[in-house]
Amino acid sequence: MHKILNHSLNLIPTLLLALLILVIPHLSDHELLHPTQGGKEFGFLWGIVGYVVIASIIMLIKQKWLSFKITLLDILLGAYVIMVCISYLLQPVDPLQMLIFGALVLFYLAVRFIHPKYYLYLMLAVILAGTIQAMFGNFQLYGFYPSHHGLFKMTGSFFNPGPYSGYLVSVLPIALGIYFIFKQKGSVFEKKNNSPFISLTNFPWALCIQYFALIAIVAIFLVLPASQSRASWLAVIVSGAYLSWKFRHQLKRSLPNSITLLFKDTVQKRIVISGGILLIVAGACTLYKFKQNSADGRLLIWKVSEQMIKDEPFFGHGAGKFKAHYMNYQAYYFRENTNANEAMLAGNTSYAFNEIIKLGVEHGIVGVLLSLSILGIMLFASNSPTSLRRYSDVPFEVEVSQTNHIVLLARGGIIGILVFGLFSYPSAILPIKMNFVLFAGIIASIYSKRNKKDKHKEPLHIFQGILKRYSMSYPSSSSCSVRKLPIFLSLTLLSILVLSYPAVKTINTHYLANHYWKDASDIYRIQAYQECLEDFELAYPQLKHNGDFLIQYGKALNMAGKHKKAIEMLEQAKQNLNNSILYTTLGDSQKNLGIMHEAEQTYLQASQMLPSRFFPLYLLAKFYDESGQKEKALKMANQLMNKEVKVPSKAIEEIKEEMQKIINNNEGIEPEAYSARIPTSGSPPSLKNERRSGDKDT
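Following numbering that gives the first Met the number 0, the numbering of the sequence shown begins with 0 at its first residue and continues without gaps.
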């Protein structure tokens, strides 16, 4: 009975992590303004606090402290965490994002404390979560389940098909790898010793898992084409090719003899390889042409981001600051490069659509090199797996072949996320980040450098004297990973339990603030601008570093006629987010307060951010007309009348009607030579402060 209780206590943390992996991707809370994102984020925060509390209680009950050997990967990941934390401390950032980052760190540590024998359970939870999402997507395609976006028929439990397909890409390699493993005769996952638990790797469970993985693969393949996400298609091809190569011996046994014979003859092999290369090139061209404007738009973002990296090459602009600075750099780019085709592609951009470029912008060369080092170890470490120590309470041993296969699955998942991240924004999607952290933790646990010289330098042993002095008991064997709890560690666990209350209270405070934001936004939509300000004010203390919130709050203040406070909120928003909406609203408030020169510069900045848009230029033309600058008004009106239309709409027709009135009212006036382009001087790096502010160089 004691043995069963011991095994149960060991299994509970694993099951809790599996539950988080399984549940979080499907959460959506319509009490929040962004239900699919907010629901997942707050669910994850509450879940991590719950996990920490339960894990601490289990360790106190067992009076044992689980440790792990610190690897080079752990050290590099720790350095990355420190780098991000320093960046958070140096610049204002949304506290909710800081909480989520901290929760992901705890999630990684939780994975590291889990014994590798339980990683199969976590991988199965990943597959089950992905299968459920694939089912949601199929139901949405056939109209049985509502989409979360008005413009897209299929989004799963995400806000658009891009993140949805990215999440499925992080799951598919795991399902594919599990299928390959359990399909082979005599699975590498074998039960060695007697255990009070049913082994999932024995028949008929192994057969059930094989077909379960196959169902997941089929379900995901049914929805991925409908997502129209080229990044996800490419990620599937690359990660699938990686796993197919690693499991090529199993595949050979499954292929018909007629196919395997093609690779025995040298000439036939060369023909097949050449045909494969041609197919890859043709496929790449097809993917580019499939949505060429979208691809060209990403190229524009990367070109603009290049200048951002040049301005802060070593340490970057700071964590989360891409969206704070990008649009001002885009405005600068279009002042220097009047490319009509690129102007038509520009939009209000918050994502780099390439995680390496984003790292370069936010953390500079230091961040990129550190991240590439981490990825290099995760993907290419060739060390032998760590010798997994036997515990007195372990149900069965984990063989080297088992850990090798688990690592292959984790690497396949990481490759899928990385390829997707070259063209999208997985770092902004919580379930994808959870999977990435899970895979990293698994690799760090299984692969570590074996060095006999470091035998006595494992965690806790470097503090040997302190432990001997203050411990209730101390193990004699340095190879043991489960140790009796010293008194001060017991006090640490009790402190964690006590601190869990303020942690939950902080999360609840932020949740309530986001709920107020939702109420304020709903009232704003019915144009009750004065009434919505009360809810905005209630949400402000917790959301004062959230750029989206501040822009909407500033817009509401502007519409309510409180222009001075609107300017205050919008100027504050610039520290975390910049876009044309901010500048057009700011220009309106400045104009209403009679700050005419600043209003003109602000409208110009908005128009230069998005040269293809009509609305900023329309506001500028109205500004000139109302302020008596008739020549400039006539110039702007003529420019709008002759402007190429990107997307025809009724709003553009109404704008052109008003511009025609301005032209008619100012007939006979000869427009002076005037350009909306304000000249700048000096090299780009010397203007980095002006480009950030968006005021001085316009």
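Just so you know, even glycine gets a beta-carbon here, dropped at the ideal spot from N, CA and C.
(request) May I ask you to report which of helix, strand or coil DSSP gives Lys-563? (result) helix
(request) Mind the definition here: the region 218-229 touches the region 132-141 only if three or more C-beta pairs lie below 8 Å; say whether that holds. (result) yes
(message) Here's the rule I'm using: 16 or more other beta-carbon atoms within 10 Å means buried, otherwise exposed. How should Pro-12 be labelled?
(response) buried
(request) Give the secondary structure of Tyr-582 by DSSP, where H, G and I count as helix, E and B as strand, and everything else as coil. (result) helix
(request) Sort Phe-112, Phe-106, Thr-35 by Cα distance to Asn-159 and report the nearest one. (result) Thr-35
(request) To the nearest angstrom, report how far apart Ile-442 and Ile-580 are at their CA atoms. (result) 44 Å
(request) Using beta-carbon positions only, say whether Phe-151 and Tyr-510 come within less than 8 Å of one another. (result) no
(request) For Lys-517, count neighbouring C-beta atoms within 10 Å of its own C-beta (all shown protein chains included) and say buried if the count is 16 or more, exposed if not. (result) buried
(message) With distance defined between alpha-carbon atoms, name the residue in Val-406, Ile-364, Phe-321, Ser-626 nearest to Ile-376.
(response) Val-406
(message) Assuming contact is defined by CB atoms lying nearer than 8 Å, are Phe-438 and Ile-413 in contact in what I supplied?
(response) yes
(message) Which of the three DSSP states is assigned to Glu-536 in this structure?
(response) helix
(request) Pick helix, strand or coil for Thr-505, following the three-state DSSP scheme. (result) helix
(request) Look at the alpha carbon of His-148 and the alpha carbon of Asn-665, and state the distance between them as a whole number of angstroms. (result) 45 Å
(message) Starting from Ser-156, trace the alpha helix (DSSP H) in both directions and tell me its first and last residue.
(response) Taken as a continuous stretch (DSSP letters only), Ser-156 belongs to no alpha helix (DSSP H), as it is neither H nor E.
(request) Please determine, among His-562, Ile-47, Glu-597, Ala-225, the residue with the shortest C-alpha to C-alpha distance to Ala-133. (result) Ala-225
(request) Look at Phe-419 and Ala-240 and say whether their C-beta atoms are less than 8 Å apart. (result) no
(request) Determine the closest residue to Ala-212 out of Phe-246, Leu-242, Ala-174, Ser-228, with distance taken between C-alpha atoms. (result) Ala-174
(message) Can you find the residues in the same chain that come closer than 7 Å, C-beta to C-beta, to Val-51, ignoring five residues on each side of it along the sequence?
(response) Leu-105, Ile-495, Ser-499
(request) Go through its chain and collect everything with a Cβ distance to Ala-330's Cβ below 6 Å, but skip five positions before and after it. (result) Gln-604, Gln-607, Met-608
(request) Determine the DSSP secondary structure at His-147, reduced to helix, strand or coil. (result) coil
(request) Ignore the nearest five residues each way along the sequence and tell me which others in Ile-214's own chain have a CB closer than 7 Å to its CB. (result) Thr-130
(request) With DSSP collapsed to three states, give me the class of Glu-652. (result) helix
(request) Just tell me which of Glu-567, Leu-569, Asp-587 has its CA closest to the CA of Ser-626. (result) Asp-587
(request) Leaving aside the five residues before and after Phe-535 along the sequence, list all residues of the same chain whose C-beta is less than 7 Å from its C-beta, in chain order. (result) Ala-519, Tyr-552, Ala-555
(message) One question on the structure: do Ala-124 and Leu-21 come within less than 8 Å of each other, judged by their Cβ atoms?
(response) yes
(request) Whole angstroms is fine: what's the gap from Lys-290's alpha carbon to Tyr-617's? (result) 30 Å
(message) Quick check on the burial criterion: 16 or more other C-beta atoms within 10 angstroms. Buried or exposed for Asp-624?
(response) buried
(request) Would you check if the distance between the CB atom of Gly-38 and the CB atom of Leu-19 is smaller than 8 Å? (result) no
(request) Go to Tyr-118, then tell me how far its alpha helix (DSSP H) extends in each direction, as first and last residue. (result) 118-140
(request) Mark Val-436 as exposed unless 16 or more other C-beta atoms lie within 10 angstroms of its C-beta, in which case mark it buried. (result) buried
(request) Measure the C-alpha to C-alpha separation of Asn-9 and Met-58 and round it to an integer number of angstroms. (result) 10 Å
(request) Would you tell me roughly how many angstroms separate the C-alpha atoms of Met-97 and Tyr-87, rounded to the nearest one? (result) 8 Å
(message) Quick check: what's the CA-CA separation for Leu-532 versus Asn-353?
(response) 37 Å
(request) May I have a chain-ordered list of the alpha helix (DSSP H) segments no shorter than 4 residues that lie completely inside the region 608-642? (result) 614-625, 629-640
(request) State yes or no: is the C-beta of Asn-513 within less than 8 Å of the C-beta of Leu-119? (result) no
(message) Quick check on Ile-612: buried or exposed, where buried means 16 or more other Cβ atoms within 10 Å of its Cβ?
(response) In the sequence as presented, Ile is not what sits at residue 612; that position holds Arg. Classification for Arg-612: buried.
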